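Visitor: Structure below; questions to follow.
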Amino acid sequence: MTRVVESVAELAALRSVWLAQGLRVGFVPTMGALHAGHASLVRRARAENDICVVSVYVNPLQFGPREDLARYPRDLAGDVKLCESVGADVLFAPRDDEMYPAGFQTVVDQLHLPRLLEGKARPTHFRGVLTVVLKLFNLVRAHRAYFGQKDYQQTVVLRRMALDLHVGTEVLVLPTVREEDGLALSSRNRYLSVKERKDALCLSQALVAGEALIRSGERRGSAVTHVMRARIERVKKAAIDYVACVDPETLRPLKQVGATSVLLVAVRLGKTRLIDNSLVML
Ligand code: AMP
Numbered sequence: 001m002t003r004v005v006e007s008v009a010e011l012a013a014l015r016s017v018w019l020a021q022g023l024r025v026g027f028v029p030t031m032g033a034l035h036a037g038h039a040s041l042v043r044r045a046r047a048e049n050d051i052c053v054v055s056v057y058v059n060p061l062q063f064g065p066r067e068d069l070a071r072y073p074r075d076l077a078g079d080v081k082l083c084e085s086v087g088a089d090v091l092f093a094p095r096d097d098e099m100y101p102a103g104f105q106t107v108v109d110q111l112h113l114p115r116l117l118e119g120k121a122r123p124t125h126f127r128g129v130l131t132v133v134l135k136l137f138n139l140v141r142a143h144r145a146y147f148g149q150k151d152y153q154q155t156v157v158l159r160r161m162a163l164d165l166h167v168g169t170e171v172l173v174l175p176t177v178r179e180e181d182g183l184a185l186s187s188r189n190r191y192l193s194v195k196e197r198k199d200a201l202c203l204s205q206a207l208v209a210g211e212a213l214i215r216s217g218e219r220r221g222s223a224v225t226h227v228m229r230a231r232i233e234r235v236k237k238a239a240i241d242y243v244a245c246v247d248p249e250t251l252r253p254l255k256q257v258g259a260t261s262v263l264l265v266a267v268r269l270g271k272t273r274l275i276d277n278s279l280v281m282l
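Okay, here's the thing in structure tokens:
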């Protein structure tokens, strides 16, 4: 049975018991509307730890004023079912007033990483992510936390935060789970119309084309992004936010592709903004 916990005090009480018993805690932070991508993280957390905690919290602080906070999909009943099916012990679903009580004013930010890539279109996004994840880390005090490569920049930002702030939780990153045709699973996919769902394939196809070009010997980052861009531009309704070939740690654009690079795309289809990436290791 998955126990649904809504209050910080209840979570703190459970955590004290786990710590006293020397149990190892695995943690999967999410925004809910859980799908097979989330499930892969929960399964891993379940397998590698004594206790598995999943959080479901649509964090207002990481949404910009014109973003989809109000319409972001919420399905707590479905989330509880999924958590039960994969053996999560606790689903922590705090209310806003538990996470951001009156008077709240402390935030976590970084100097450079949050300004790149996603940060250009979403300037306050990573400040919100960093703040809520550190809060959740402090509340759950897990041994390990599991994140998806799907949000590549987020994994870099969070690993950096864990190092910089001496966070005692180990950050682990698992591969992106995809539909059979290549579309990365995302809670936002449910916004897509039938036509947009077809068009959305241009993201993963651009990544495949970029990777193929690198594997065929191309080393100029600009040539790789050119091919990826061209693949996306074949879809009339696709508006490119960015197409990038970057260093996996600094996230700076690569003039020359080295042993490891990351290809990233962000594309708007109608009202829905999708992201995807692939890590290319030669
Ligand atoms: P979200 O609920 O979208 O904030 O995502 C919660 C966690 O699930 C993040 O670490 C995401 O990177 C991860 N995640 C989302 N989609 C996928 C996917 N398709 N495959 C693997 N992990 C994912």
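Mapping to this note's numbering: the sequence shown position 228 is 228, numbers consecutive.
Glycine included, C-beta positions come from ideal geometry on N, C-alpha and C.
These figures come from a predicted structure and were not determined experimentally.
1. Give me, in chain order, the residues of the same chain whose beta-carbon lies closer than 6 angstroms to that of L130; leave out the 5 immediate sequence neighbours on both sides.
2. Contact check, G182 vs Q205 under 8 angstroms by CB: the rounded distance?
3. Mind checking whether the beta-carbon of K120 lies closer than 8 angstroms to any heavy atom of the ligand AMP?
4. Throw me the rounded Cβ distance for the A39 and L82 pair, which I believe falls under 8 angstroms.
5. Run the CB neighbour count on V140, radius 10 Å, all protein chains shown included, and call it buried at 16 or more, exposed below.
6. Answer yes or no: do L113 and V54 have a C-beta to C-beta separation smaller than 9 angstroms?
7. Assign T106 to one of two classes, buried (16 or more other C-beta atoms within 10 Å of its C-beta) or exposed (fewer than that).
8. At what residues does the alpha helix (DSSP H) containing E196 begin and finish?
9. Is Y100 near the ligand AMP - that is, is its Cβ less than 8 angstroms away from at least one heavy atom of it?
10. Is T2 buried or exposed, if buried means 16 or more other CB atoms sit within 10 Å of its CB?
11. Just tell me which of I51, R43, G37, A45 has its CA closest to the CA of W18.
12. Since L359 and L116 are thought to touch, with beta carbons under 8 angstroms apart, how far apart are those beta carbons, to the nearest angstrom?
13. How many angstroms separate the CA atom of V246 from the CA atom of P73?
Guide: With the structure as the only source:
1. Numbered from 1 along the sequence shown, position 130 holds the residue referred to as residue 130. Hits under 6 angstroms: V108, M161.
2. For the purposes of this step, residue 182 is taken as residue 182 along the sequence shown, with counting starting at 1. For the purposes of this step, residue 205 is taken as residue 205 along the sequence shown, with counting starting at 1. Right, their Cβ atoms sit about 7 angstroms apart.
3. Counting from one through the sequence shown, the residue named residue 120 turns up at place 120. No.
4. What you label residue 39 is simply residue 39 of the sequence shown in a count that begins at 1. What you label residue 82 is simply residue 82 of the sequence shown in a count that begins at 1. So it is a contact: roughly 6 angstroms between Cβ atoms.
5. The count along the sequence shown starts at 1 and reaches residue 140 at position 140. It is buried - the Cβ of V140 has at least 16 other Cβ atoms within 10 Å.
6. As a first step, residue 113 is located in the sequence shown; it is residue number 113 there, counting from the start. As a first step, residue 54 is located in the sequence shown; it is residue number 54 there, counting from the start. In this structure, V54 does not lie closer than 9 angstroms to L113 by Cβ.
7. Stepping through the sequence shown from its first residue, residue 106 is reached at position 106. Counting Cβ neighbours within 10 Å, T106 comes out exposed, since fewer than 16 surround it.
8. Taking the first residue of the sequence shown as 1, we reach residue 196 at position 196. First-last of the alpha helix (DSSP H) with E196: 194-199.
9. Locating residue 100 in the sequence shown gives position 100, where the first residue counts as 1. No.
10. In the sequence shown, counting from the first residue as 1, residue 2 sits at position 2. Buried is the call here.
11. For the purposes of this step, residue 18 is taken as residue 18 along the sequence shown, with counting starting at 1. Of the listed residues, the one whose Cα sits closest to W18 is I51.
12. Because the chain here runs from 1 to 282, residue 359 falls outside it and cannot be looked at.
13. Counting from one through the sequence shown, the residue named residue 246 turns up at place 246. Counting from one through the sequence shown, the residue named residue 73 turns up at place 73. Distance between the alpha carbons of V246 and P73 is about 31 angstroms.
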